[in-house]
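Colleague:
2 protein chains.
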Amino acid sequence: MMDLNQEMARIKKKVDSLILKDLLPQSDEVGEVDVLYRMMRDYPARPAKGLRPFICTTSCRAFGGKIEDALLTAAAIELFQNWILIHDDVEDGSRMRRGRPALHVMYDWTLAINAGDALHARMWKALLANRLKLGAKKAITLMDEFSRIVEETTEGQHIELGWVVGKKWDLTPSDYHTMCLKKTAWYTTIGPMRLGAMIADASGRALEKLVEIGTKLGVGFQIHDDVLNLSGNKKYGKEIADDLLEGKRTLILIKALNSCAGSDKERIVSILNKKRDEKTVREVKEVLSLIKKYGAMEAASQEAAGLVAEARGMLRRLSWDGDRRYVQLLDDTARFLVERNW
Amino acid sequence: MMDLNQEMARIKKKVDSLILKDLLPQSDEVGEVDVLYRMMRDYPARPAKGLRPFICTTSCRAFGGKIEDALLTAAAIELFQNWILIHDDVEDGSRMRRGRPALHVMYDWTLAINAGDALHARMWKALLANRLKLGAKKAITLMDEFSRIVEETTEGQHIELGWVVGKKWDLTPSDYHTMCLKKTAWYTTIGPMRLGAMIADASGRALEKLVEIGTKLGVGFQIHDDVLNLSGNKKYGKEIADDLLEGKRTLILIKALNSCAGSDKERIVSILNKKRDEKTVREVKEVLSLIKKYGAMEAASQEAAGLVAEARGMLRRLSWDGDRRYVQLLDDTARFLVERNW
Numbered sequence: 001m002m003d004l005n006q007e008m009a010r011i012k013k014k015v016d017s018l019i020l021k022d023l024l025p026q027s028d029e030v031g032e033v034d035v036l037y038r039m040m041r042d043y044p045a046r047p048a049k050g051l052r053p054f055i056c057t058t059s060c061r062a063f064g065g066k067i068e069d070a071l072l073t074a075a076a077i078e079l080f081q082n083w084i085l086i087h088d089d090v091e092d093g094s095r096m097r098r099g100r101p102a103l104h105v106m107y108d109w110t111l112a113i114n115a116g117d118a119l120h121a122r123m124w125k126a127l128l129a130n131r132l133k134l135g136a137k138k139a140i141t142l143m144d145e146f147s148r149i150v151e152e153t154t155e156g157q158h159i160e161l162g163w164v165v166g167k168k169w170d171l172t173p174s175d176y177h178t179m180c181l182k183k184t185a186w187y188t189t190i191g192p193m194r195l196g197a198m199i200a201d202a203s204g205r206a207l208e209k210l211v212e213i214g215t216k217l218g219v220g221f222q223i224h225d226d227v228l229n230l231s232g233n234k235k236y237g238k239e240i241a242d243d244l245l246e247g248k249r250t251l252i253l254i255k256a257l258n259s260c261a262g263s264d265k266e267r268i269v270s271i272l273n274k275k276r277d278e279k280t281v282r283e284v285k286e287v288l289s290l291i292k293k294y295g296a297m298e299a300a301s302q303e304a305a306g307l308v309a310e311a312r313g314m315l316r317r318l319s320w321d322g323d324r325r326y327v328q329l330l331d332d333t334a335r336f337l338v339e340r341n342w
Numbered sequence: 343m344m345d346l347n348q349e350m351a352r353i354k355k356k357v358d359s360l361i362l363k364d365l366l367p368q369s370d371e372v373g374e375v376d377v378l379y380r381m382m383r384d385y386p387a388r389p390a391k392g393l394r395p396f397i398c399t400t401s402c403r404a405f406g407g408k409i410e411d412a413l414l415t416a417a418a419i420e421l422f423q424n425w426i427l428i429h430d431d432v433e434d435g436s437r438m439r440r441g442r443p444a445l446h447v448m449y450d451w452t453l454a455i456n457a458g459d460a461l462h463a464r465m466w467k468a469l470l471a472n473r474l475k476l477g478a479k480k481a482i483t484l485m486d487e488f489s490r491i492v493e494e495t496t497e498g499q500h501i502e503l504g505w506v507v508g509k510k511w512d513l514t515p516s517d518y519h520t521m522c523l524k525k526t527a528w529y530t531t532i533g534p535m536r537l538g539a540m541i542a543d544a545s546g547r548a549l550e551k552l553v554e555i556g557t558k559l560g561v562g563f564q565i566h567d568d569v570l571n572l573s574g575n576k577k578y579g580k581e582i583a584d585d586l587l588e589g590k591r592t593l594i595l596i597k598a599l600n601s602c603a604g605s606d607k608e609r610i611v612s613i614l615n616k617k618r619d620e621k622t623v624r625e626v627k628e629v630l631s632l633i634k635k636y637g638a639m640e641a642a643s644q645e646a647a648g649l650v651a652e653a654r655g656m657l658r659r660l661s662w663d664g665d666r667r668y669v670q671l672l673d674d675t676a677r678f679l680v681e682r683n684w
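As you go down the protein sequences, you meet chains A and B in turn. In this text, residue positions in the first sequence follow my numbering: the first is 1, and each later residue adds one. In this text, residue positions in the second sequence follow my numbering: the first is 343, and each later residue adds one.
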């Protein structure tokens, strides 16, 4: 038996070293460019779980590949997470990230958008370097997968932002599922698992199955993340109930709105339609207690747990070519997705 | 002799068709995703010169390659131009682009940032498709060049934005040159010429020379662009003197500030340091007349003409393997860069 936290920390250390020493630029004699480099290194240097790169290397090993062959790809996944977070924080107006002020709060927001673009390009550069170890053909196959991942994620991000911009509230759990599959599952679980499998030359059949499994895991992860956001755990690193300030359409909210009385519904919608700065602490607390009144957090948690349980069953039935300890580690990771408190 | 405008229009038509029919998604049944697709197609469908793709295909032909082999890469260059313009317009607060409202004016600015990211990913997807015609190895070489181009451009963009954010005015023509080389020359002239040359298997020596030649052409192009911006030609498609509203540090302004009297300098800086919305038309006109008083526009124009003349001399001395008519066309394009009125 391997220890999940220990293994996750071990991979994170390798990936961080690759990112901060090899993939990102250190300094430049032109003062402004030096600031850009500092901005690009900021989020990657903050404490984080390193969950996505870990899923990639573990999947690779479980399918019979070598961890060393997956490290660059794992680092590229982490770079993806970082540039998308920079843009996401600007778009959502988030003030905090990983326990510190968001990048656009520390620097100008125009510089933050540009730093995100610069980091995005470094993600592709890392993937291009894959050819040295894996050959040009496999490097391109992995980039095809990234191309799909970015497509899905930006589509999911558009759906979510579009709901807020359009003040849209008549949403069903199925709408949430579509958005969440695109916005979260592709880059958190589907992509990382499939990339690891591709590096290990897994079968096309396994790659197909991983879409379904990764969907359940990724949606489960996001629902649990939304629950954590409203529970206000310090270790979580964001403002408490930041999602309510932002007006995010979480499954929790959709469930609450779909089961609550007309007057409560109007009250929730009227508060959440206000801009971030116009919402008072009292109003946010009011929405929170309405959510609790209708048991929406528990209902969402149960749905997340159910999805992950299904995914774990499917994972066990896949045919694995690699070290069984890593199959077990993947199973531990799946549990962690909905049991973590950070 | 071939006609420049006619040839440019011919290539533009091919590239547009590739982009709008093959490379960009058409529609989606999920309403929000459909809006995203419409946003991604918006700038590419607006009237534009198609200068950068044309430089790429012409360079390829002049070095002995086939235009068909360069079309996907040329389309990727155009996609690059489009996603960077979307972000640039948000960052600069520009209201107009190509004669119509900027994307973030038509839609929400948060959606515009995300649409830029989605388009960025499609650029890499186009480059990945290059392997079908050119093989995996050359496709990767071309992507390496794009990686460099995005790096340089985002660094240049950071320098320029950083000057505005930091209210920095003690700049020299050499500072401008560094910024402009990165922000404009790499993706306008250096990159497109080198990519065409790479597709045609030009020598390493030629590729090196093209950095120097492309630098002169690109900086010349940008200086002329800044002159056009202040001259207020309708065909140009942006707000007149938009650069002054934005507070851009153009060579024109730097030259004016370096040669004007103390009180005039203070006046220019105090007006330009105001935010876009706080500047009055009268104030913008005042800066414009001070610029004219010190002959800064003529001086900048002459510098642009000089740079392009040098580049044309160097272009003639390169050893070309291809059709001489295309070498001539490249020379015509170089002249066009500083003689165009749009």
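Glycine included, every Cβ here is placed at the ideal spot set by N, Cα and C. Only a predicted model underlies this, so the values are computations on that prediction, with no experimental measurement involved.
Residues of chain A with CB under 9 Å from residue 479 (chain B), in chain order?
Modeller: Neighbours of residue 479 (chain B) on chain A, chain order: 131 and 136.
Colleague: Less than 8 Å between the beta carbons of residue 520 (chain B) and residue 564 (chain B), yes or no?
Modeller: Contact: no.
Colleague: Counting Cβ pairs closer than 8 Å, one from the stretch 460-477 of chain B and one from the stretch 5-14 of chain A, do we hit at least three?
Modeller: They do not touch, by the three-pair rule.
Colleague: Going by beta carbon distance, what residues of the same chain come within less than 8 Å of residue 176 (chain A), once the five residues before and after it are set aside?
Modeller: Contacts found: 249, 250, 251 and 254.
Colleague: So which residues on chain C does residue 157 (chain A) lean against when the C-beta distance must stay under 7 Å?
Modeller: You won't find chain C in this structure, because its protein chains are A and B.
Colleague: Residue 438 (chain B) bridges to which residues according to DSSP?
Modeller: Residue 438 (chain B) is bridged to B:443.
Colleague: Apart from the five residues just before and just after residue 2 (chain A), which ones in its own chain have a Cβ nearer than 7 Å to its Cβ?
Modeller: The answer, listed in chain order, is 325 and 329.
Colleague: Ignore the nearest five residues each way along the sequence and tell me which others in residue 449 (chain B)'s own chain have a CB closer than 7 Å to its CB.
Modeller: Taken in chain order, the residues that qualify are 381.
Colleague: Using a 10 Å radius around the Cβ and a threshold of 16 neighbouring Cβ atoms, would you call residue 708 (chain B) buried or exposed?
Modeller: Because residue 708 (chain B) is not part of the residues shown, which for chain B are 343 to 684, the question remains open.
Colleague: Buried or exposed: where does residue 342 (chain A) fall if 16 or more other Cβ atoms within 10 Å of its Cβ makes it buried?
Modeller: So residue 342 (chain A) ends up on the exposed side.
Colleague: For residue 204 (chain A), does the three-state DSSP call read helix, strand or coil?
Modeller: Three-state DSSP puts residue 204 (chain A) in a helix.
Colleague: Going by the CB atoms, is the gap between residue 279 (chain A) and residue 271 (chain A) shorter than 8 Å?
Modeller: Yes, the Cβ-Cβ distance between residue 271 (chain A) and residue 279 (chain A) is below 8 Å.
Colleague: How would you call residue 459 (chain B), buried or exposed, if buried means at least 16 neighbouring beta carbons within 10 angstroms?
Modeller: The residue in question, residue 459 (chain B), is buried, as its Cβ has 16 or more Cβ neighbours within 10 Å.
Colleague: For residue 690 (chain B) and residue 509 (chain B), which I take to be in contact (beta-carbon distance under 8 Å), what is that distance rounded to the nearest angstrom?
Modeller: Examination of residue 690 (chain B) is not possible in this model, given that chain B is present from 343 through 684 alone.
Colleague: What would DSSP say about residue 56 (chain A), mapped onto helix, strand or coil?
Modeller: Here residue 56 (chain A) sits in helix by DSSP.
Colleague: Quick one: what does DSSP say residue 126 (chain A) is sitting in, helix, strand or coil?
Modeller: Three-state result, residue 126 (chain A): helix.
Colleague: Given 8 Å as the limit, is there contact between the stretch 443-457 of chain B and the stretch 412-424 of chain B, that is, 3 or more CB pairs closer than that?
Modeller: Taking 8 Å as the limit for Cβ pairs, the verdict is that the stretch 412-424 of chain B does not touch the stretch 443-457 of chain B.
Colleague: On a Cα-Cα basis, can you pick out the residue from B:658, B:412 and B:637 that is closest to residue 484 (chain B)?
Modeller: Checked all of B:658, B:412 and B:637; the closest Cα to residue 484 (chain B) is B:412.
Colleague: Quick check: what's the CA-CA separation for residue 304 (chain A) versus residue 296 (chain A)?
Modeller: Taking the straight line from one Cα to the other gives about 12 Å.
Colleague: Could you tell me the distance, in whole angstroms, from the CA atom of residue 321 (chain A) to the CA atom of residue 64 (chain A)?
Modeller: Approximately 5 Å, taken between the alpha carbons.
Colleague: By the DSSP assignment, the alpha helix (DSSP H) with residue 348 (chain B) in it spans what residues?
Modeller: That run of the alpha helix (DSSP H) goes 346-359.
Colleague: Beta-carbon of residue 266 (chain A) versus every beta-carbon of chain B: anything under 8 Å?
Modeller: It does not: the Cβ of residue 266 (chain A) has no partner Cβ on chain B nearer than 8 Å.
Colleague: In chain order, what residues of the same chain have a beta carbon less than 8 Å from the beta carbon of residue 560 (chain B), not counting five sequence neighbours either side?
Modeller: Only 522, 523, 526, 527, 528, 530, 531 and 532 meet the Cβ criterion.
Colleague: May I ask you to report which of helix, strand or coil DSSP gives residue 682 (chain B)?
Modeller: Residue state, collapsed to three classes: coil.
Colleague: Look at the Cβ atom of residue 62 (chain A), then the Cβ atom of residue 327 (chain A), and state whether they are nearer than 8 Å.
Modeller: Yes, these two residues count as a Cβ contact at 8 Å.
Colleague: Less than 6 Å between C-beta atoms, sequence neighbours within five positions excluded: which residues of the same chain meet that for residue 499 (chain B)?
Modeller: Around residue 499 (chain B): 525.
Colleague: Going along the chain, which residues of its own chain have a beta-carbon closer than 7 Å to the beta-carbon of residue 506 (chain B), five neighbours each way excluded?
Modeller: These residues qualify, in order along the chain: 589.
Colleague: If you compare alpha carbons, which of A:139, A:67 and A:42 is closest to residue 99 (chain A)?
Modeller: Out of A:139, A:67 and A:42, A:42 has the C-alpha closest to the C-alpha of residue 99 (chain A).
Colleague: Could you tell me whether the Cβ of residue 509 (chain B) comes closer than 8 Å to any Cβ of chain A?
Modeller: No, residue 509 (chain B) does not count as interfacial toward chain A.
Colleague: Smallest Cα separation from residue 372 (chain B): which of A:282, A:155 and A:245?
Modeller: Measuring from the Cα of residue 372 (chain B), the nearest candidate turns out to be A:155.
Colleague: Any idea if residue 220 (chain A) is buried or exposed, counting beta-carbon neighbours within 10 angstroms, 16 or more meaning buried?
Modeller: Per the 10 Å Cβ criterion, buried.
Colleague: Is residue 19 (chain A) near residue 44 (chain A), with beta carbons less than 8 Å apart?
Modeller: Going by C-beta atoms, residue 19 (chain A) is nearer than 8 Å to residue 44 (chain A).
Colleague: So, are the CB atoms of residue 650 (chain B) and residue 551 (chain B) less than 8 Å apart?
Modeller: For residue 650 (chain B) and residue 551 (chain B), no; Cβs fall outside 8 Å.
Colleague: Between A:102, A:26 and A:244, which has its C-alpha nearest residue 343 (chain A)'s C-alpha?
Modeller: Nothing about residue 343 (chain A) can be reported from this structure: the residues present for chain A run from 1 to 342 only.
Colleague: Is residue 169 (chain A) a contact residue of the ligand MG, with contact defined as CB to any heavy atom under 7 Å?
Modeller: With respect to the ligand MG, the structure offers nothing, as it holds no ligand at all.
Colleague: Can you check whether the CB of residue 494 (chain B) is closer than 8 Å to the CB of residue 540 (chain B)?
Modeller: No. Outside cutoff.
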